[in-house]
Every structure is written in structure tokens, then in C-alpha cells.
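Everything on this sheet refers to the single structure shown next.
There are 2 protein chains.
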Amino acid sequence: MTSQRERRAWAALASVVEPGTPGIRRAVAEHGPDAVLAALRDGRWEGSAGSALRRRALGADGASVLERTSRAGLRFSCPGDDDWPAGLGTLDVVDPKDQIGGGPLGLWVSGAVDLAELVERSVAVVGARAATAYGTQVAADLSAGLGDRGWTVVSGGAYGIDAAAHRGVLAVGSPTVAVLACGADVAYPRGNAGLISRARADGAVVAELPPGSHPTRMRFLARNRLIAALTTGTVVVEAAARSGALSTLRWAHHLGRYGMAVPGPVTSALSAGTHQALRGETELVTGVGDVLDLVGSLGIDAATAPRGPDRPWDGLPPARLAVLEALPARGLRTVEDMARRSGVGESDVRVELVELELVGLAEAAPAGWRLGQLARAARSADRRAARAAVEAADGGTPSAGA
Amino acid sequence: MTSQRERRAWAALASVVEPGTPGIRRAVAEHGPDAVLAALRDGRWEGSAGSALRRRALGADGASVLERTSRAGLRFSCPGDDDWPAGLGTLDVVDPKDQIGGGPLGLWVSGAVDLAELVERSVAVVGARAATAYGTQVAADLSAGLGDRGWTVVSGGAYGIDAAAHRGVLAVGSPTVAVLACGADVAYPRGNAGLISRARADGAVVAELPPGSHPTRMRFLARNRLIAALTTGTVVVEAAARSGALSTLRWAHHLGRYGMAVPGPVTSALSAGTHQALRGETELVTGVGDVLDLVGSLGIDAATAPRGPDRPWDGLPPARLAVLEALPARGLRTVEDMARRSGVGESDVRVELVELELVGLAEAAPAGWRLGQLARAARSADRRAARAAVEAADGGTPSAGA
């Protein structure tokens, strides 16, 4: 648990440092928030932005930031808190294109939920503001499908695809998280104020900026990294060739999450960005089934299925199961990548892979590892059963909300 | 050159053996057409279809088949002829799904062209019969673009995507090849009779069946393998989940050609098959630029570009250049695959790769080879220049037909 003194230091730092500047975050990880705040105030912090940042640091008072936070109906969460989402811990990377990165120094949250719990099973659905009718329909259907199956949909609260994604999941009574590039108390864009209030009531609104902050281009880009980091995977529904949504996808790839895109007509400029992404490492998805085939982990998604008594991974120790879940059914994955995805250290990943290989659950290839034949067969059987169960439920009693 | 006696034997065999039965083709490769025809007639050929096939072989007379061929306004081409397309030599494979394969025993051709020359720079554009307006527009535009750039478009003469592909390339005054699943003198489907006549006049109509033959399901599937074998790559524009067009794509992959598909709305059942293919090894293409990026070989497609004097592959010996052209810019390719694509033997491919690696034109990875940094950079520069030249031409004087 974070001490009150530390919390004030985090809040002061988070209120003066622009989102996505990785150097300070790294220094905090090494020396603690108090020491870094003191260094900023004393002018011992190096860098061209030093003096403006120093003035802001001298003016910042953690206690009053926290007081303003409560007055705005928000709460402040920082690394070390119980509801701090684990996925944010993977953000110690810098995007080579936008030159932003690093984990947040704190999050302002609105909504009566445990944020960590809310995003544990979550998918980001993002895309163009100037979306087409096709894009908004696909985004809303996909989000509704994810909500129906117990997944939280995370998006950016913007017009177009983001709004359709929030609406789609709220419509089936499942929670959504809007991650904003301004204060969590600011309704931006104003036209989505009603939708953002509903996200607050039925999920959460999250921001990396103190109450009252306004968005900037860099803040949008920094916000995109949070959307990718909070979720198991990011689906881009429509994106023009240079759309900001593609930066969220890039972050998903940086962080070892699933990067997915929905194709569209090649005659539509709003699918040019998604098609470009699909020619790279992004996975093509056409609906909720494809998304869950990727993000659904072995154990969790098979939970709804009537299962046979002897799945080959029953009773595996947790680290081995985590490594097994990080193995791809298609293509190959490196040990480094699996370590990132599973949260298991690289050398332990190697040990577990050898154990899994011995029992036919993993297969080695020159360029990486994949699921073994035994696991692929069992997983397919589980998924077919899970789908059959969902379809049966859809046709019979209404499926339960989250 | 094939002797008259051999030609009669090929014609007799081709007129009695169903397309896509690989055993007889293999026996002919080993023992020659005369010997196999004699074996069939003497009842020495084993197999369940033996007796019906024997009766047909006994009734077949090569001379009269060739006479009927001329009377129908066709000519008969067989392995060994100068205009026999080299790509057909790669067909000694059996498709595990449809259980068909093997090269043709002969082709009936209509059209005053050298077939081998006509398909030397060719791309197949195929797809659903019940195509949407979107699909037919994309197919026609793509084919027109290919024709404009000097590529022959090969398709199956069917309704829908095939017809749009033929029409698109004919409209820009470039040749097309219709490969039919019936006799080359039969206009099937009847509604495309006019289009098939135009293909005959401005390109060629090709069939693996003697004049007057009618199509069957198996003949359609066997025909698909010819479309893939005749071309550098196959583009599927629209295909439902179990569309026959997907078998053409599968054949392109079997034969080491480029297998490409155009995405579409995920809400369209006619894009379900293409999206499924795109989740596998099929390449996503959105237009003629993407197709040429794949099928265009280094030297040829850069020919239209204003080029600097010192491209790194200038002056390479032909075999080395062929291997260089078979190297992928993205992903990896095995030596075996490159041998198939380049027509250079595997051991020579290995020798040339080492030479190319020494000068930075090839790079080795554990699972295969790719273009070296130097070649990638030069090729990108060439393509940008080529595209700029095409765009300038499009905006200025009308671009020349083939």
C-alpha cells in the first residue's frame, strides 16, 4: 500500500509532468516519487524542459491536487495501489515514431469500480472519428458481442468508432472504460458528454491528467498507449492512412498485446489504414468470434463450455499454464515475447517450455515456439463447445450481462 | 519440337483422360505419350476406372481429334511445343482437398497468339459468380490497372468477378485469357458468349478438354489449377466461405505463386472466404499497386522508372538476378521455394545466395532468406520513381495500351 506521503508526491508529479515522458517515470521507479519531486524542485533534473518543469514542480502541492481531485468527484490511483492495473507495468518502452512512452505517474478515475478488476478481461475497440455507417455498425456489434461474453470494452470517448464501441457495450448492460486525453472530469468532446456520463455510471472514465486539463495532440498520442496497455488486445475498426488509431495498434504490438483490425471495402479511405496494418503483423478479425479466438486465454474462455474431464492442461502449475497460454496456435512466438505476455521471467519461460514440450503441449521450431498438437486439438474442441453453448444460450434464455 | 506421331498420341490421351488425374500424366512424363496410350488400349493400365478409360482409349484416334480441333477453329498444344507455357511444368502436385492434380496432357487454344508469351506477365483475377457491385467494380478496376501496366489478366470466363476481370482489361485494350472448364469452342456460360468471343479476338480462350466438351464440377476444380499455374499470382476479389475461387488460391500456394485476396466489408458473406484466406498465408491487396509490389519482378517493373545509373543489381549474371528476384522483401523464403520461383536449381540457388549475401543483396535468417538491406532500399526507391512516373503519365498524356 502506498503511504499518504508517497501518494502526495505521485499526485504532484502526475500533475506537472506531461503524459508519455519516459525519463521521469524511470527515475521514479529507481529513486521513488519523493526523491524525484525534490530533484525537480531543486533544479537537479537535467533536460531542456527543465526550467519550466521546475517552476511547475515548485508550484505543485500534492495535498491540494488530491483535494481538487475529490472535489471533482474523482479519485487518484498510483503505482502500488490495489486497483492499479497490472498491464500498465509493461509501458517502459518508447515508441520510435511518436517519441513517447513510459508508464503513467498516476491515473484519475471516475466510477465506482475497481479499475484493475474492470480491465482484467478487456479489449480496446478504437478507430476513426469520421467513421462510416459500416464502421460504426461493425464497432457497435463487436462491442455488444464482447460485452455479452463478459468482456469490458475500452475506448477513447471520441466521435465515430469510439462512441459506437462505448454505446454497443453499454447497450447490452456491460461495462466500458473511456480513457480520455483530458481531465477525467472534462467531457470531451462535448457532443459525447451524455455517453461519457454513462461510461462513468456503468464503468469508468480514466485520465492521466489532473482535473480540468484540456487535450492536446501529444496527449491524444500518450492516451493511446494507455488504451493498449490496459487491454488484452486492441481492435481497430476503421482508420484512414495516418489515423491516430494506428498508434494504439502500434502500442499493442510494442507491449506484446494482440493487435487486430477489421477489414473493409478497399474503395473506402477509412479502411486504408486498417488494410495497411493488416499487411504487417496485425491480425485480421471479422467479428467477436475471431477476437475471442485470439484474446481468450485457454482456461478462462473455455470456462463457459461443457468440458470433458481430462483436458491436457488440467492441474499444471500456474507459471507453466501462463506460458502455455502465451503460446500461439498459429505462427511462432519467441521466448522474449512469451515472457512479456505471460509475466513469467525469460529463463523460467525456457524451463516451462521444455516441460510443456515433453508432454506434447509445446512445439519448438527454429524461429520460435507454438502450441503443441495435443494442446491445439484440445483447445479447438473447447472452443467449439464454448461457441455451441453460447449459441444455445442465445437461442434459449437471454444471455446474462456482466 | 513434338513429332506428328507424338502430337497425335498427346491429343488422343488428352481427349480421353479427365483433367486433373495425375497418375497418367506422370506415366507419360516417364514413358512418353505413345507408350501410355498403348498401355491404356491393351488394358495394361491399372486402376478402378481402367475399363471405361480403356474403351475410351480404344475409340480415340489422335488424327481425328486434331482434325476436329481445326474444324472447330482451335489449335492443339502439348508439352514440348514452343508455345507451351512453362508454368504448367510445376503442376506435378495433388491437392489434398480435391484430390486432383498433375499437368495437362494438352490444351486447346483459340486466339491468334503465342500462349506462352501471353501469360509470361500475367495475373489471375477470379472470384464469386454471385458477386456484389463492390466486387465487380474492384475486379474491373484492378484488371484495367494490370492491363495498363502491360500485364495479361487470366480468369475463368464465369459470371460475376471473372466477367468483370475480363471486361476490365479488355476495356483498356490489353489482352485477357479465359480458361474454360469445357471445350474452348463452347461458350459457357451462354450469357458470357460475347465476352468469350472478345477474349478469343483480343487474347485467348484455353481449355484442357476437346472441342464440344461440357463442364462438370470436377472439371471446374481441375480448370482452377490451370489458372493458378499459368500466372505469376492469383487475386481473389470476392469469395463466399466455400467458393471454388478459394481452390484457385490454394493452387497458387501449392505452386509457389503469389496468393492474394482483396478484403471487403465483414458484413458481406461474399468476403467471408477472402477474409478466411487472409488469416492464412494469402497476401492482402487493395489495388494494382499492391499486386505489382508482389508479382512485379525487380528488373521488369522498375523499367518504366527514371533510374539512377548505379542500381546495386546492375550487371548481375542471369541466374543470380533470378534468385535475387525470388527473394521476398517481407517475410522469409526457403531455398526450395526460391528454386521453384526462379527456375534455378536448388544447389545453384544456394551458391547465388552466398554471392548475393556478400554484397548485401540477400540476408539469411534461421528459417529462410530475404532481400538484403541494400536491395530493399534500392527497390523501394525504384518503385517510388515508377509510381511517380505512372501518376505523371496518368495526369498528362493517356497511358499506352499493351
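Heads up: the sequence lines are chains C and D, in that order. Position one of the first sequence corresponds to residue 10 (my numbering), numbered consecutively onward. Position one of the second sequence corresponds to residue 10 (my numbering), numbered consecutively onward. Ideal Cβ placement from N, Cα and C applies to all residues, glycine included. These numbers were taken from a predicted model, which means no experiment stands behind them.
Rounding to the nearest angstrom, what Cα-Cα distance links residue i and residue j in this structure?
i	j	result
E126(C)	A140(C)	31 angstroms
V147(C)	A153(C)	10 angstroms
L264(C)	A348(C)	11 angstroms
S79(D)	S252(D)	35 angstroms
E15(D)	D43(D)	6 angstroms
P220(C)	L124(C)	18 angstroms
P94(D)	G120(D)	15 angstroms
S381(C)	T30(C)	It should be pointed out that residue 381(C) corresponds to Gly in this sequence rather than to Ser. Their backbone Cα atoms lie some 41 angstroms apart in a straight line.
G324(D)	L330(D)	9 angstroms
S57(D)	L303(D)	Unreliable placement is indicated for S57(D), whose pLDDT of 48 sits below 50; the coordinate value is still reported in the next sentence. Cα to Cα, S57(D) sits roughly 43 angstroms from L303(D).
G243(D)	G112(C)	The sequence given here has Thr at residue 243(D), not Gly. Answer to the nearest angstrom: the Cα atoms are 46 angstroms apart.
G159(C)	V37(C)	36 angstroms
T291(D)	A249(D)	15 angstroms
T240(C)	A261(C)	9 angstroms
V358(D)	T145(D)	41 angstroms
D91(C)	A384(C)	34 angstroms
S183(D)	G156(D)	5 angstroms
P235(C)	D51(C)	First, the residue type needs correcting, since residue 235(C) is Leu and not Pro in the sequence shown. Each residue's alpha carbon lies about 30 angstroms from the other.
V332(C)	E361(C)	7 angstroms
P28(D)	T283(D)	26 angstroms
T104(C)	G110(C)	Residue 104(C) is actually Asp in this sequence, not Thr. If you take the alpha carbons of D104(C) and G110(C), they lie about 6 angstroms apart.
E366(C)	V294(C)	30 angstroms
V186(C)	V128(C)	8 angstroms
Q108(D)	E55(D)	18 angstroms
S351(D)	A371(D)	15 angstroms
S280(C)	V135(C)	13 angstroms
R379(D)	R342(C)	19 angstroms
T276(D)	R207(D)	35 angstroms
Y143(C)	A173(C)	11 angstroms
A202(C)	A133(C)	20 angstroms
Verify the contact flag: residue i, CB atom, against every heavy atom of the ligand GDP, threshold strictly below 7 angstroms.
i	result
V300(D)	The model depicted lacks the ligand GDP and carries no ligand whatsoever.
Examine chain D for any beta-carbon lying closer than 8 angstroms to the beta-carbon of residue i, and answer yes or no.
i	result
G352(C)	no
Y143(C)	yes
T99(C)	no
T291(C)	no
H175(C)	no
A95(C)	no
L287(C)	yes
H262(C)	no
H284(C)	yes
P375(C)	yes
W19(C)	no
E400(C)	Confidence in E400(C) is poor, its pLDDT being 45 and thus under 50, which makes the residue's placement too unreliable to answer from.
Any beta carbon of chain C sitting closer than 8 angstroms to that of residue i?
i	result
R16(D)	no
G273(D)	yes
V297(D)	no
T276(D)	yes
M269(D)	no
T313(D)	Note that T313(D) scores a pLDDT of 40, beneath 50, so its modelled location is shaky and nothing firm can be said.
V304(D)	no
*What are the complete beta strand (DSSP E) segments, minimum 3 residues, inside the region 111 to 185 of chain D?*
Listed in chain order, the complete beta strand (DSSP E) runs (minimum 3 residues) inside the region 111 to 185 of chain D are 116 to 119, 131 to 135 and 161 to 164.
*asked:* What are the residues in the region 145 to 160 of chain D lying within 8 angstroms of chain C by C-beta distance?
replied: Against chain C - using a Cβ distance shorter than 8 angstroms - the residues of the region 145 to 160 of chain D are Q146 and V147.
*If you pair each beta-carbon of the region 253 to 272 of chain C with each one of the region 230 to 247 of chain D, do three or more pairs fall below 8 angstroms?*
Touching, no.
*With a floor of 4 residues, list each alpha helix (DSSP H) that falls wholly inside the region 325 to 393 of chain D, ordered by position along the chain.*
Counting whole runs of 4 or more residues, the region 325 to 393 of chain D contains the alpha helix (DSSP H) stretches 327 to 335, 344 to 351 and 355 to 367.
*Enumerate, from N- to C-terminal direction, the unbroken alpha helix (DSSP H) stretches of 4 or more residues contained entirely within the region 277 to 302 of chain C.*
For secondary structure counted as the alpha helix (DSSP H) over 4 or more consecutive residues, the region 277 to 302 of chain C holds these complete runs in sequence order: 281 to 287.
*Do the region 215 to 230 of chain D and the region 287 to 301 of chain D touch if we need at least three Cβ pairs shorter than 8 angstroms?*
They do not touch, by the three-pair rule.
*Decide if the region 17 to 28 of chain D is in contact with the region 70 to 87 of chain D; the criterion is three or more beta carbon pairs, one per stretch, under 8 angstroms apart.*
Yes, they touch.
*Every unbroken beta strand (DSSP E) inside the region 64 to 89 of chain D [3 residues or more]*: Counting only runs of 3 or more, we get 84 to 86.
*Note down, one range per segment and in chain order, each alpha helix (DSSP H) of at least 4 residues found wholly within the region 185 to 245 of chain C.*
The alpha helix (DSSP H) runs of length 4 or more contained entirely in the region 185 to 245 of chain C are, from start to end of the chain, 202 to 211 and 226 to 239.
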